[in-house]
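Colleague: Line by line, the protein sequences are chains W and X.
Per the numbering used here, the first sequence starts with residue 1, numbered consecutively.
Per the numbering used here, the second sequence starts with residue 1001, numbered consecutively.
For every residue, glycine included, the Cβ atom is placed at its ideal position computed from N, Cα and C.
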Amino acid sequence: MAEKLRIVNLGISSFYDALVNQDCKVAQIDWHPPVKLSEELQEQLLKVTTGALAAKIDEANEAAADMVIQADPVWIDVKPAGEVIEGLDDYTVTHSGPPISFEDMVMLHQRGMVSACLFEGWAKTEEEALELIHSGKIKMISALDTNTVGAGTGIITKSVAMIIIKDRNNGKIAATFPAEGIVYQGGFCGWGLYSEGIAENLRHMKEYLLPPMAEVAKAKGGLPIKPILAESMVMGDENHTRQSAADLLFEHQITMDMMKLDMPRDQVMASMQYIVETPRFFHCFGQGASRAAMLGNVGREYSTVVTAVCGNGVEFGIKIAAMGDQWFTAPAPMMEGRYTSSKYTIDDQIPWCGDSCVVECAGLGGLAAAASPIVCNLRGMKLKDAIAQTREMEKICVKKNYNYPIPNMDFDFLPVGIDIRKVLQTGISPVIHGGMFNKEGGLIGAGMARIPMECFEKAMAAFVAKYEKEAV
Amino acid sequence: MQKVIVEKKRYVDSVSLMGISDKVLTLAGVSNVEAMMATPANQALLKELSYTLPEDVTSNDLVIAVTADTEEICGAAIEMVKNIIDRKDVDDYTSYNNLTEINLQEDPYDLCQISLPGEYAAAEAKKALHMGMDLFIFSDNVTIEEELELKQLGKSLGKLVMGPDAGVALLNGVALAAGSIIKDGPIGIVAASGSGAQEVGCIIEKCGLGVSNLIGTGGRDLYPQIGGITMIEGIKRMEADPNTKVIVLVSKLADLGVMDKVLDVADNCTKPVVVVFLGSNEKLFEGHKVHATFSLEACALKAVELAGGNVSNFGMNDEQIAALAKESVAKLDAGRKYFRGLYCGGTFTEEALQYFSAHNQGVQLNSNLSNRFCTKLADSEKSEGHAILDLGAEDFTAKAPHPVFDPSLRLARLRQELADEEVGVVLVDFITGPGVAADPITAFAKECAKHPEIVFISSICGSQEDPQNVAEKEKLLIEAGVIVVKSNYQSAKLASAMMNELDRR
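(1) Could you tell me the boundaries of the beta strand (DSSP E) in which Met-162(W) lies?
(2) Could you list which residues in chain X have their beta carbon closer than 7 Å to that of Trp-31(W), in chain order?
(3) Just mark Lys-1047(X) as buried or exposed, buried being the case when its beta carbon has 16 or more other beta carbons within 10 Å.
(4) Short of 8 Å in beta carbon distance, which residues of its chain neighbour Lys-400(W), apart from the five on each side in sequence? Order them along the chain.
(5) For Glu-1124(X), go through chain W and note every residue whose CB falls closer than 7 Å to its CB, in chain order.
(6) So, does the CB of Met-1018(X) fall closer than 7 Å to a CB anywhere in chain W?
(7) Suppose only complete runs of 4+ residues qualify. What are the alpha helix (DSSP H) ranges in the stretch 429 to 467 of chain W, listed by chain order?
(8) Could you tell me the distance, in whole angstroms, from the CA atom of Cys-1448(X) to the CA atom of Ala-388(W)?
(9) Work out the CA separation of Ser-1458(X) and Pro-1403(X) for me, nearest whole Å.
(10) Val-1174(X) CB to nearest chain W CB: under 7 Å?
(11) Between the stretch 207 to 215 of chain W and the stretch 368 to 383 of chain W, can you find at least three pairs of beta-carbon atoms closer than 8 Å?
(12) Shortest alpha-carbon distance to Val-1012(X) belongs to which of Asp-23(W), Glu-231(W), Ala-123(W), Met-335(W)?
(13) For Thr-1375(X), which residues in the same chain have their Cβ closer than 8 Å to its Cβ, ignoring the five residues on either side in sequence?
(14) In or out: Ile-1189(X) buried (at least 16 other Cβ within 10 Å) or exposed?
(15) Quick check on Ser-1408(X): buried or exposed, where buried means 16 or more other Cβ atoms within 10 Å of its Cβ?
(16) Give me the Cβ distance between Leu-1099(X) and Ala-1068(X), rounded to the nearest whole Å; I'm assuming they're in contact under 8 Å.
(17) Val-216(W) to His-240(W), Cα distance in whole Å?
(18) Going by DSSP in three states, Phe-1136(X) sits in which element: helix, strand or coil?
(19) Taking the alpha-carbon of Asp-385(W) as reference, which of Ile-396(W), Cys-397(W), Ala-465(W), Ala-370(W) has the nearest alpha-carbon?
(20) How about Ile-7(W): is its C-beta nearer than 7 Å to some C-beta of chain X?
(21) Measure the alpha-carbon distance for Met-1(W) versus Asp-1439(X) and round it to whole angstroms.
(22) Run through chain X and tell me which residues come within less than 7 Å of Ser-14(W), C-beta to C-beta.
(23) With 7 Å as the C-beta to C-beta threshold (strictly closer), list the residues of the stretch 423 to 437 of chain W near chain X in chain order.
(24) Considering Cα atoms alone, identify which of Asn-1371(X), Leu-1150(X), Arg-1336(X) is closest to Ala-1352(X).
(25) What residues from chain X crowd round Asp-72(W), counting only those whose CB sits closer than 8 Å?
(26) CB Phe-463(W) to CB Val-423(W), shorter than 7 Å?
(27) By how many angstroms is the C-alpha of Pro-452(W) removed from the C-alpha of Ala-330(W)?
(28) Distance check for Glu-1034(X) and Ala-1065(X), CA to CA, integer angstroms please.
(29) Quick one: is Glu-1106(X) buried, meaning 16 or more other Cβ sit within 10 Å of its Cβ, or exposed?
(30) Can you confirm whether the stretch 342 to 356 of chain W touches the stretch 306 to 315 of chain W when touching is taken to mean that 3 or more C-beta pairs between the two stretches lie within less than 8 Å?
(31) Can you give the beta carbon distance from Ser-1487(X) to Lys-1183(X), rounded, assuming they're within the 8 Å contact cut?
(32) Please state whether DSSP places Phe-15(W) in a helix, a strand or coil.
(33) Comparing C-alpha positions only, which one of Asn-21(W), Ala-214(W), Leu-108(W) sits nearest to Glu-1509(X)?
(34) Who are the near neighbours of Leu-1296(X) in its chain, counting only those whose CB is closer than 8 Å to its CB and skipping five residues on each side?
(35) Between Leu-1209(X) and chain W, is there a C-beta pair that is closer than 7 Å?
(36) Look at the Cβ atom of Gly-299(W), then the Cβ atom of Gly-337(W), and state whether they are nearer than 7 Å.
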C-alpha cells in the first residue's frame, strides 16, 4: 500500500479524532467564520500588515514583548502614594478605568471620591465632600494615566501606603496598593468605602504593619518578583484571579528576613499576620510588575501592542504603545462567571470596573488560563478548555514568553504582547479575568470578559492616521 | 575542555533543568553537562567541577556548563541545551486559524477534508486546491455552480475533488468522514453514493478480499451540470493504480447522458469494470462493455469473482429466505401485521424500496421519502401500515443530528414503533467506521432484547477493522434475538418475504 495519507481537517473535530485514531498525520484548522470587517478596517489592516510599515511595526512589537520577557521587577520599598505616584498631589484622587466625570461615574466611584475627601481630611462630612467635589477642587485622574494601577475602584490618595516595584530592566517604577487585611479586604482603595475603622486600618497599615515589610525589601536589596510569578504559574496560579501558590512562595521568601528584623516582636508578628491572613496578598505585586514593564512601552513608536486595559463601570478603555497615553474607549462589558452566592444575579452586577487586567497586558490572567484550570473551572470549563483559551490568546500575541513554561501545555510557553492587528484580523478579543462588583460595592463573584472590539477599532484608526504616510 | 555560558536573569525551573543533562550527554565526546540556576549551592557545585564562573553571577542567572573533548563539541552541547530549554527540540504544538498558515513545502499534506457549513466550504476548498491538496468535501449546501467551479479548477490543477456532500472515502488505507476501514485489496471503488459504496466495500471484505481505494464523488457528480468530472477522474486514477485489478462504479440512478458518458470512459479501461447504478435497467448498458449489476450485493459479488475471490455461499439463498420468513412470521400474534424499516443509510432505504416495489406488488409502501416506489406519509413522525423510513433524510436531520453520527433520534423512533401493537417485523441497518457514532449498536440490541414478540432484521455495513468491533456487536444483536444478515440487499429480500407472509395471513 502507498504511504499513509496526510490530511488537513477543516471542520468537525470528531473527524479529526477519527484520523488521529487511524495514526494519520493530521492538522486541525481551528476555523472560525470569517470576520466581517468594514471596508475601512480592511484598508487599514492592509496598510499595517504589508510593506515597510509592517516591518517597522513587527520590529517594534517584538521589542515591546521583549520588554515583558526581559523584565526584572523587584519589590524595593513601601512608600506613601504622594511620594511615588506621578501627579498625585493634594486634592487629587485616582480612579480605575479611563477618565470620567464625577456625574457619569458609577455609584462606587462617586462614593470613593467622597471617601477620599474624608480620609484625607479635605472634608469633615459627606455633604462637605460633595460640595468640594462639585466645586471642582478635587482633581480626579485615571490611575493608568500614572505609574500606579487602580484595581477595583482604584481610589488612591497621597497618604495611602503603596508597594513599590522597580523594573531593573527598564528602570521604571510602579506603585500598587496592598489589600487592606482580612477584615476590610478591598476597603478604601479597592471598593471605595469609608468608615472610621477603614481609615484607622489604613493608617495602621502605613505606620505599623508595612514598615517591617519595607525593611525586609531593603534588607534583601529588592525581592525579585518574576521567579515567584514563574514558579506559581506551574503551581496552578494564573496570577489574576488566583495567587494561592504565589502567596505561599512570597511568604516563604520573606519569613526569615522578617524574623531577623531588629524591630519590636509584636510589630513584626502583626505584620506577618497581616501578610499571611490577607487573601491574594501577592496580587498587587503582580500588578506592579506588569505595570512597570508596560511603562517601558508607553510611547514606543510603531508598536501596536496593548499597554493598558481597564474599565470604570461605564466605559472600557485601552492604550497602545505607539499612541502613548491616548485612550480608546467603548461601553464596558459585563463579566461572565460565577457568583459567591446564589442570591446574586446579573442585575446586581456593574459592567467591568478596575485596572487589575493590566496583568493581562503582561501575559498573565486570561492569557495564562492554561496555567490555572482551577480558575477556569469556576466558569464550568474543563482542562482542555483552559488550554484552548491560552492557545486562542496565542493567536493575538506577538510571541511566547520563555519565563513561563506551563505543565498543562507540555511545558510550552505562555503568549505575551497583545497586538491589535491580530485582534482585528482574527476577530479574537483578549480574555480578561477578574472580580465582579456589586452595584452596592463589594465583590460578588469572579469570571471573565472580552475587551470590546470597538476599542481596538478606534486604536487602529488612530494608529493608521498617525503612520499612514509611511504605508505603501 | 570546559565552557561556561551565563544567561543573565533567565529563570528556568530546576525540575525542567534536571532533565537536560541526560539528553545532552548522548552527544559523543561530552563528559559533563550542567544547566542550573546559579544559586550559592549550585555555584559551589560548579566550582567543585572546576568550572570558572563570572564574578557577577547571581541566583537569578542561568548557567550552562559543559565539559567535552573539543571546543566544537562544547559548542554543540551548549547549543543543544539551549534548544531544549527553548523547546526547539520538540515538535511544537501548532494550531492554525487558517489553511494558508500551513506551509506545504515544509510541512506536507496530501488532502484537505472539509466539513464546514456549506456557505463557507467552497472558499476554503478553493484555497486548498491552489495550495496543492486533493479535496474531500463532506459539507452539503454548497451550490451546484460552486461545485462545478471547484471540480473544473481541480481538473485543471490535476487534483481530485471529492464531494461536496461526499460521505465516505478510503484512500491509502485511511477512512474519511463516515467511511469504514475496509481492508486492503485489489478492488477500486468510485462512487456517487456514500453508503452504497460502503456496502459494496464491506461485502467485498466479507468475501475475504479488500479495497485498494474508495473515491467518493459526492451525490451530484453525475448531474448534467457537473457531467461526472470526478467519477471520470476517479476511473482514470483506478486504471492507473497498479494495486487495483477490478474497478467498481456505484451510483443511484442519475442523468442518462452523464451515465452514458461515464460508461464510455469505463469501456476504455483495460481493467474489468463492474457497475451498479441503482434503479437502472439493462437498457442503459446496451452497447457498453462493463459488467452491469442491479444491486449493491450483486455488484460486490461480481467484483470479487472478477478479482479471483470466492463468492459461493455468500449469505442465504432464496429458499432459505422464504423458509425463514415463513417460520418467523408464523410466530407472530395475529394482530401484528406490519413491517417497519428504520434506515440510517439513504442508499439502503432506496435499495430496499426498489426491491419491495418489484417484489411486493400491490402492497402500499409508506415512507417519509417521496418517489415512484412509495407513498409519502402524511406525517413522517407517525408510521402507518408497512413503513420504510430514511432517518437520515432532511425531515429528520433538520431537527437532530444524522443517525449515523448520533443514534439517539433513531433509537427514540424504534421505541415508538415497538409501542405500536400492530408492528410485527422491524428492520434496522447499521453503519460503522472511525468517524461515526462510537457505538451505534448496543443500545438497539438492548431494546430489541426487550421485545421477543417482534421479529427483528438487521445488517451491519462495517469492516472488521472499524473501531466499533463489528464481530462483537453482531453477537450482541444475535443474542438479543435479531436476525443478522450479510447485506442490505439480503435484509430487503427477507423483509420483502416477511411482508408477503404478513399480508397473506
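Modeller: Straight from the coordinates:
(1) 161 to 167
(2) Leu-1116
(3) exposed
(4) Excluding positions up to five away in sequence, the list reads Glu-394, Asp-412, Phe-413, Leu-414, Pro-415, Val-416.
(5) Leu-10
(6) no
(7) 453 to 467
(8) 42 Å
(9) Roughly 16 Å separates the two Cα atoms.
(10) yes
(11) no
(12) Glu-231(W)
(13) Gln-1364, Leu-1365, Asn-1366, Ser-1367
(14) buried
(15) exposed
(16) Going by Cβ atoms, the distance from Leu-1099(X) to Ala-1068(X) rounds to 45 Å, so no, they are not a contact pair.
(17) 25 Å
(18) Under the three-state reduction of DSSP, Phe-1136(X) is assigned to strand.
(19) Ala-370(W)
(20) yes
(21) Model confidence at Met-1(W) stands at a pLDDT of 45, short of 50, so the residue's coordinates are unreliable; what they give is reported in the following sentence. Each residue's alpha carbon lies about 29 Å from the other.
(22) Gly-1435
(23) Thr-426
(24) Of the listed residues, the one whose Cα sits closest to Ala-1352(X) is Asn-1371(X).
(25) Lys-1009, Asn-1060
(26) no
(27) Rounded to the nearest angstrom, the gap between the Cα atoms of Ala-330(W) and Pro-452(W) is 7 Å.
(28) 5 Å
(29) exposed
(30) Short answer: they touch.
(31) At roughly 17 Å, the Cβ-Cβ gap does not stay under 8 Å, so Ser-1487(X) and Lys-1183(X) are not in contact.
(32) Three-state result, Phe-15(W): helix.
(33) Past the edges of chain X, shown from 1001 to 1505, lies residue 1509(X), and the structure says nothing about it.
(34) So the qualifying residues of the chain are Gly-1196, Glu-1199, Val-1200, Ile-1203, Val-1250, Val-1276, Leu-1278, Thr-1347, Glu-1351, Ser-1487, Asn-1488, Tyr-1489.
(35) no
(36) no
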